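Trainee:
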Amino acid sequence: MPVYMVYLDQVFVGNLVMDYAILLATSKISRVPAPPKRLLAGAVLGALYALAVFIPDAGFLHTIWFKLLISAAIVAVSFSPLPLKLFITCLGCFFLASFTLGGLVMGIIFFISSSNTIGWEIIGKEIDEKIWLGILSGLLGLWVAG
3 MPVYMVYLDQ
13 VFVGNLVMDY
23 AILLATSKIS
33 RVPAPPKRLL
43 AGAVLGALYA
53 LAVFIPDAGF
63 LHTIWFKLLI
73 SAAIVAVSFS
83 PLPLKLFITC
93 LGCFFLASFT
103 LGGLVMGIIF
113 FISSSNTIGW
123 EIIGKEIDEK
133 IWLGILSGLL
143 GLWVAG
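Residues 3 to 148 in our numbering are what the sequence shown lists, from first letter to last.
Right under this line is the structure:
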């Protein structure tokens, strides 16, 4: 089994940037304005949750229920107070933006990959080399799209 060196600061910063972009897209899609400081606070919460992957014996953090709870908390920190219907709309837009931007970044990484491997094999080797280019390209695409 291969051993990987993980730099927690890179995990945190990468997730902070992506979470902020997702929350900004959520704000635009849902047409619910949020101050940049609130979006940053939500992004920090999301980036801290990304570090939870490295906590031993914390399987409950990876259940669907906890993921829904942390997603709701991120949206609440970023956009509250909101009426329930608008909060649910923001939560749906958050998931839409998350899956869209995540798919965009993975697609860019796969496209620029020199490997002929298809599927999850790309994760270990190619992402280490291409993740920042993929993230920045995805963010540029999001910015250009408006």
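No residue lacks a Cβ here, since even glycine has one placed at the ideal position from N, Cα and C.
Note that the structure is predicted; figures quoted are calculated from it, not measured.
Counting only the same chain and skipping the five closest in sequence on each side, list residues whose C-beta sits under 6 Å from that of L18.
Mentor: As a first step, residue 18 must be located in the sequence shown, where it is residue number 16. Closer than 6 Å at Cβ, skipping near neighbours: A45, A49.
Trainee: Alpha carbon to alpha carbon, what distance is there between G16 and I110?
Mentor: By 1-based counting over the sequence shown, the position of residue 110 is 108. By 1-based counting over the sequence shown, the position of residue 16 is 14. If you take the alpha carbons of I110 and G16, they lie about 16 Å apart.
Trainee: Distance, Cα to Cα, S29 vs L84?
Mentor: Taking the first residue of the sequence shown as 1, we reach residue 29 at position 27. Taking the first residue of the sequence shown as 1, we reach residue 84 at position 82. Cα to Cα, the separation comes out at about 13 Å.
Trainee: Pair every Cβ in the region 87-100 with every Cβ in the region 22-36, then say whether three or more of these pairs are closer than 8 Å.
Mentor: Yes, the region 87-100 touches the region 22-36.
Trainee: How many angstroms separate the CA atom of A54 from the CA atom of R33?
Mentor: Counting from one through the sequence shown, the residue named residue 54 turns up at place 52. Counting from one through the sequence shown, the residue named residue 33 turns up at place 31. When rounded, the distance between both Cα atoms is 31 Å.
Trainee: What is the DSSP secondary structure of L84, counted as helix, strand or coil?
Mentor: The sequence position of residue 84 within the sequence shown is 82, counting from 1. Reduced to three states, the DSSP call for L84 is coil.
Trainee: My understanding is that L47 touches I76, with C-beta atoms under 8 Å, so please give their C-beta distance in whole angstroms.
Mentor: Taking the sequence shown and counting its residues from 1, the one referred to as residue 47 is at position 45. Taking the sequence shown and counting its residues from 1, the one referred to as residue 76 is at position 74. Correct: roughly 5 Å between the Cβ atoms.
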